[in-house]
Amino acid sequence: MERRVLHVLVISSGFYPKVDGTTLAVANLIEGLKTRGHKVSFITRKYKGTPSLENWRGTCILRVGPSGASAFSRLMLIINQVVLGIPFMISGKMDVIHDHGFAPLATGLILGFMFRKPVVATFHGFQSLWSKETRWRKEYVYKIAHPFFKLMIKSASAVIAQSKKLKEIIITTYDANPDKVYVIPHMIDEGFFSFSPKPRIDKNIVLYVGTLARVYGLDLLIEAAGYVRSFFPNCEFLIVGEGPQREKLEKLVKKSNLEEIVHFAGPIYDRKKLSEQYRSAKVVVIPEKYEGYILPLVALEALASGRPVITTLNLDPRAYEAGVIKTSFDPRDIAEKILWILRLSEDQYMEITEKARKFFEDEHGRNVVLRKIEELYLKFISR
Numbered sequence: 008m009e010r011r012v013l014h015v016l017v018i019s020s021g022f023y024p025k026v027d028g029t030t031l032a033v034a035n036l037i038e039g040l041k042t043r044g045h046k047v048s049f050i051t052r053k054y055k056g057t058p059s060l061e062n063w064r065g066t067c068i069l070r071v072g073p074s075g076a077s078a079f080s081r082l083m084l085i086i087n088q089v090v091l092g093i094p095f096m097i098s099g100k101m102d103v104i105h106d107h108g109f110a111p112l113a114t115g116l117i118l119g120f121m122f123r124k125p126v127v128a129t130f131h132g133f134q135s136l137w138s139k140e141t142r143w144r145k146e147y148v149y150k151i152a153h154p155f156f157k158l159m160i161k162s163a164s165a166v167i168a169q170s171k172k173l174k175e176i177i178i179t180t181y182d183a184n185p186d187k188v189y190v191i192p193h194m195i196d197e198g199f200f201s202f203s204p205k206p207r208i209d210k211n212i213v214l215y216v217g218t219l220a221r222v223y224g225l226d227l228l229i230e231a232a233g234y235v236r237s238f239f240p241n242c243e244f245l246i247v248g249e250g251p252q253r254e255k256l257e258k259l260v261k262k263s264n265l266e267e268i269v270h271f272a273g274p275i276y277d278r279k280k281l282s283e284q285y286r287s288a289k290v291v292v293i294p295e296k297y298e299g300y301i302l303p304l305v306a307l308e309a310l311a312s313g314r315p316v317i318t319t320l321n322l323d324p325r326a327y328e329a330g331v332i333k334t335s336f337d338p339r340d341i342a343e344k345i346l347w348i349l350r351l352s353e354d355q356y357m358e359i360t361e362k363a364r365k366f367f368e369d370e371h372g373r374n375v376v377l378r379k380i381e382e383l384y385l386k387f388i389s390r
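Quick note, the numbering used here runs 7 ahead of the 1-based positions in the sequence shown.
Following this line, the structure appears as structure tokens:
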């Protein structure tokens, strides 16, 4: 039977040159859909120096402003995306709209209502669930926005949750219809993150990849590094990424006399070079300062490479059977988990790496996830 070619309109409030989890997830979705023969058009935010219309790897991108994060800027962004999205809808004959975040969902719901198209929503994090000291906005902002977010989630044709835990949170927090929330995990292109049963170089490298921001708990990892060093003086903690906390973290490293083992590599945007860092590491640590609910893309990249992941996140139980190790927010506990990995025999370590890769292939392989997304699109298109 011949597969149906779909035309998907993707809407997001951020994309390259900004690099974060949402950007990477959207890029993975767009590239994945195109590899399976579908057509994709994309509306996103315009940044200073970016063109209004561009071709990104064969995908037409329409960028509109403003680029600010205030409530007024977000409202204007929604209005502008709707206005410029109308000719996109008419000329492209879209089958489905896939939104990423609340502001894009507002745009998608308006366009979906106007053109009678299904609207699918994916969220890449809820700041209202972060600890209060790590949130970017005031508490009253979340309280004011909550009823609007609740209404939008109820109005969407379907909501994608990347884990069972996130599905429960969406249902409980936003009173969503359980039948409209579908569990479809994150995906990455495993072609870039190839499996390596043991580290590429003979060195005990502990790796962090991500934004250097308060919520991501780098201070916890740096404090743990001092304890690990007392048992493994030749260990190295490599921090890959950039962010507002870098200067503060560098001062903490210096104050703790850890300059010899803690190194800041800056951001690495080339996926092949990033893959080399995973394969060189012994373990990847994700010390986020909140009770998480999904495996982040960094964890998937690590598991695809065969690297165990130590994290504070509260995940679905299956992850803890396949190379993911739960730790608390206590730096000493983080250190103990790192030491446990470093002390494994070669055979024990390789057993963990093989489980990690198999779990990734079974649950997060690109074609596995894309088939589920296609089935979801077709389910609502057929209605």
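Just so it is clear, CB atoms sit at the ideal spot from N, CA and C, and this is done for glycine as well.
With DSSP as the reference, identify every bridge partner of residue i, one or two as the case may be.
i	result
asparagine 211	DSSP output for asparagine 211 lists no bridge partner at all.
aspartate 106	Ile18, Ala128
tyrosine 189	Ile167
histidine 270	Leu245
isoleucine 301	Answer is none; isoleucine 301 lacks a bridge partner.
tryptophan 347	Answer by DSSP bridge pairing: none, since tryptophan 347 is not bridged.
phenylalanine 49	Val17, Ile68
threonine 218	Answer is none; threonine 218 lacks a bridge partner.
isoleucine 293	Thr318
Using the Cα positions of residue i and residue j, report the straight-line distance between them to the nearest angstrom.
i	j	result
leucine 225	tyrosine 300	19 angstroms
leucine 377	asparagine 35	10 angstroms
leucine 385	leucine 310	30 angstroms
asparagine 184	glycine 273	42 angstroms
alanine 288	leucine 307	15 angstroms
isoleucine 117	phenylalanine 95	14 angstroms
leucine 91	serine 74	16 angstroms
asparagine 374	isoleucine 178	27 angstroms
phenylalanine 155	threonine 180	13 angstroms
histidine 371	serine 77	35 angstroms
proline 206	alanine 113	45 angstroms
leucine 16	lysine 379	18 angstroms
lysine 171	tyrosine 189	9 angstroms
valine 290	aspartate 340	15 angstroms
lysine 365	isoleucine 212	23 angstroms
proline 58	tryptophan 347	50 angstroms
glutamate 266	phenylalanine 239	15 angstroms
glycine 198	lysine 41	15 angstroms
alanine 231	proline 338	5 angstroms
methionine 8	lysine 362	Residue confidence for methionine 8 is low, a pLDDT of 43 falling below 50, so the modelled location carries little weight and cannot support an answer.
glutamine 355	aspartate 209	16 angstroms
arginine 390	tyrosine 297	39 angstroms
isoleucine 293	glycine 115	33 angstroms
leucine 84	lysine 53	9 angstroms
methionine 357	aspartate 369	18 angstroms
valine 260	valine 269	7 angstroms
arginine 11	isoleucine 191	21 angstroms
glutamate 254	leucine 173	33 angstroms
glutamine 88	glycine 108	14 angstroms
phenylalanine 120	glutamine 169	26 angstroms
lysine 157	isoleucine 86	20 angstroms
valine 26	phenylalanine 271	18 angstroms
tryptophan 63	isoleucine 93	21 angstroms
valine 71	phenylalanine 79	15 angstroms
aspartate 186	isoleucine 388	17 angstroms
lysine 344	arginine 350	10 angstroms
Could you tell me how far apart the beta carbons of residue i and residue j are, in whole angstroms, since I believe they sit closer than 8 angstroms?
i	j	result
arginine 81	alanine 128	That belief does not hold up - the Cβ atoms of arginine 81 and alanine 128 are roughly 16 angstroms apart, past 8 angstroms.
leucine 219	glycine 248	5 angstroms
glycine 217	serine 263	Actually they do not touch by this definition, with Cβ atoms about 20 angstroms apart.
arginine 286	serine 203	4 angstroms
alanine 342	valine 235	5 angstroms
leucine 69	histidine 45	Not really, about 18 angstroms apart at Cβ, beyond 8 angstroms.
phenylalanine 336	leucine 228	Their Cβ separation, rounded to whole angstroms, is 11 angstroms, which puts phenylalanine 336 and leucine 228 out of contact at 8 angstroms.
glycine 21	threonine 51	7 angstroms
serine 48	cysteine 67	5 angstroms
histidine 131	leucine 302	Actually they do not touch by this definition, with Cβ atoms about 12 angstroms apart.
phenylalanine 200	serine 282	5 angstroms
isoleucine 18	aspartate 106	5 angstroms
alanine 32	leucine 383	That pair is no contact at about 16 angstroms.
Compare the C-beta of residue i with all C-beta atoms of chain B and state if any pair is closer than 8 angstroms.
i	result
lysine 379	No chain B appears in this structure, which consists of one protein chain only.
What do you reckon, is the C-beta of residue i under 7 angstroms from a heavy atom of the ligand GDP?
i	result
glutamate 328	As for the ligand GDP, it is missing from this structure, which has no ligand bound.
Segment contact flag, the region 321 to 330 with the region 239 to 259, C-beta cutoff 8 angstroms, min 3 pairs: no
Cβ contact check for the region 302 to 319 and the region 329 to 342: 3 or more pairs under 8 angstroms: yes
Cβ pair count under 8 angstroms reaching 3, the region 115 to 127 against the region 91 to 104: yes
Runs of alpha helix (DSSP H) lying entirely within the region 53 to 119, each at least 4 residues, in chain order: 78 to 99
Alpha helix (DSSP H) runs wholly inside the region 321 to 366, at least 4 long, in chain order: 338 to 349
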